[in-house]
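**Student:** Residue numbers (the working numbering): 8 to 127.
Glycine is no exception: its CB is placed at the ideal position from the N, C-alpha and C atoms.
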């Protein structure tokens with residue numbers, strides 16, 4: 008009888024271990040790209056090359072006015088789902104240049120840039 012209980016206990020322990028090890032694994036958020044969080048558009052300090060730590064992080068769609076940004080900066084679009092971003096010479100997202108595709112970046116002279124626009 009004791010052998011049967013030991014056998015049943017060993018089987019139960021093995022079943023619990025298998026269930027615990029085969030549980031579903033949570034999806035982890037994508038890693039930040041050069042310190043730019045997933046889903047954001049980031050601007051880095053002047054002449055920081057390579058891009059390491061952003062000074063500006065934008066998440067919301069629409070225009071974001073910039074001030075005191077001169078010379079060369081990395082601008083990384085770490086958004087997903089085809090979302091783009093534009094550098095614009097006017098405030099409020101006017102006078103925008105070519106879109107920056109999702110998961111790409113540009114090294115741009117921000118002297119003439121007065122806003123950045125995030126697009127869905």
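1) Assess contact between the stretch 50-58 and the stretch 91-103, defined as three or more Cβ pairs (one per stretch) separated by less than 8 Å. Is contact present?
2) Ordered along the chain, which non-local residues of its own chain (more than five positions away) have a Cβ less than 6 Å from that of residue 28?
3) Determine the direct distance from the alpha carbon of residue 83 to that of residue 122, and round the result to whole angstroms.
4) With H, G and I counted as helix, E and B as strand and the rest as coil, what does DSSP make of residue 127?
5) Candidates 125, 119 and 68: which alpha carbon is nearest residue 80's?
6) Roughly how many angstroms separate the alpha carbons of residue 113 and residue 69, rounded to a whole number?
7) When DSSP labels each residue in this structure, what does residue 112 get in the three-state scheme?
8) Using only the alpha-carbon positions, how far apart do residue 45 and residue 52 sit?
9) Give the single residue among 63, 74 and 125 whose Cα lies nearest to the Cα of residue 88.
**Tutor:** A quick look at the data gives this:
1) The stretch 50-58 vs the stretch 91-103: no contact.
2) Caution is warranted here: a pLDDT of 37 is assigned to residue 28, below 50, making its placement in the model unreliable, and the coordinate value is therefore given only provisionally. Here residue 28 has no same chain residue with a Cβ atom under 6 Å from its own Cβ, once five neighbours each way along the sequence are excluded.
3) Approximately 15 Å, taken between the alpha carbons.
4) In this structure, DSSP gives residue 127 a state outside helix and strand, which the three-state scheme calls coil.
5) That would be 119, whose Cα lies nearest to the Cα of residue 80.
6) So the alpha carbons of these two residues sit roughly 19 Å apart.
7) Secondary structure of residue 112 (DSSP, three-state): strand.
8) Cα to Cα, the separation comes out at about 19 Å.
9) Here the closest residue by C-alpha is 125.
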